[in-house]
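Peer 1: After the structure tokens below, expect a handful of questions from me.
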Amino acid sequence: MKSTTAQAFLPRGRSLSALRAAAEKCQGCALYRSATQVVFGEGPAHARLMLIGETPGDEEDLAGRPFVGAAGRLLDQLLQEAGIDRAQTYVTNAVKHFKWTPRGKRRLHAKPNSREINACRPWLEAEMSCIDPQLIVCLGATAAQALLGRDFRITRRRGEFHPGREGGQILATYHPSAVLRAPDDRRRRTMRAQLLRDLRKAAAWLAK
Ligand code: URA
Ligand code: SF4
Numbered sequence: 009m010k011s012t013t014a015q016a017f018l019p020r021g022r023s024l025s026a027l028r029a030a031a032e033k034c035q036g037c038a039l040y041r042s043a044t045q046v047v048f049g050e051g052p053a054h055a056r057l058m059l060i061g062e063t064p065g066d067e068e069d070l071a072g073r074p075f076v077g078a079a080g081r082l083l084d085q086l087l088q089e090a091g092i093d094r095a096q097t098y099v100t101n102a103v104k105h106f107k108w109t110p111r112g113k114r115r116l117h118a119k120p121n122s123r124e125i126n127a128c129r130p131w132l133e134a135e136m137s138c139i140d141p142q143l144i145v146c147l148g149a150t151a152a153q154a155l156l157g158r159d160f161r162i163t164r165r166r167g168e169f170h171p172g173r174e175g176g177q178i179l180a181t182y183h184p185s186a187v188l189r190a191p192d193d194r195r196r197r198t199m200r201a202q203l204l205r206d207l208r209k210a211a212a213w214l215a216k
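Heads up: the sequence shown is residues 9 to 216, going by the numbering used here.
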């Protein structure tokens, strides 16, 4: 039977390097077929903070690294303003392969569906077990709903702390791409400020 989740592709050893190597061969859903390569999480195994986005974008797909495109540059700015060192943070995505639809010569980002999110969940679970972060910040609804349930709404509940596994906490906020896509400048400024406030909250909690 054809695999419908990543589970069968997980390695026996669960170190980050073993996971990363095994993920390169994942065929747990169809997304691997049209992507250049897997974009696994990145950061130190001892990270206290883990950031989870949605899926790699076009630039991430080509680079093989998470959050290196436009959203990643905004994220870097915000982390710096919040006093969070990205080098000490584990950064990953809920879904590890780029999903896209052709638009002329461009590859347009497409939102992963719940089947793909569930298929990829074993990788995210394995990363969380390995890192065992004190705080997880979900960037956007995909990550938030993967961890906090399908009914979770960022607009209503961003910036709140929720109990996670092993005494860890989970906080959800906007995805930096949502700021970039805001319909007008005013809204963009507001969302950026709210995202920054949530990251500052995360930083303050970690400093306690
Ligand atoms: N958006 C994401 O959710 N993740 C990335 O790695 C890049 C953009
Ligand atoms: Fe495997 Fe996730 Fe890629 Fe699907 S998106 S092939 S489950 S790594």
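Even for Gly, the Cβ is constructed at its ideal location relative to N, Cα and C.
Model, not experiment: these values are computed from the prediction.
1. What runs of the beta strand (DSSP E), each 3 residues or longer, lie entirely inside the region 72 to 128?
2. Is LEU132 closer than 8 Å to ALA154 when the C-beta atoms are compared?
3. Got a sec? Which residues, its chain only, sit under 8 Å from LEU18 by beta carbon, not counting five neighbours each side?
4. In this structure, how does DSSP classify GLN142 when only helix, strand and coil are distinguished?
5. So, for GLN45: in the same chain, excluding its five sequence neighbours on each side, which residues have a beta-carbon less than 6 Å away from its beta-carbon?
6. Identify the residues that DSSP records as bridge partners of HIS170: which are they?
7. Can you list every residue whose CB sits closer than 7 Å to some heavy atom of the ligand URA, going in chain order?
8. Can the beta-carbon of PRO74 be found less than 8 Å from the beta-carbon of GLU67?
Peer 2: Looking at the atomic coordinates:
1. 97 to 101, 108 to 111, 114 to 117
2. yes
3. LEU27, ALA30, PRO130, TRP131, ALA134.
4. coil
5. GLY72
6. ILE178
7. VAL47, GLY61, GLU62, THR63, PRO64, GLY65, GLU68, PRO74, PHE75, GLY77, ALA79, GLY80, ASN101, LEU147, GLY148, HIS183, SER185
8. The answer is no: Cβ separation not under 8 Å.
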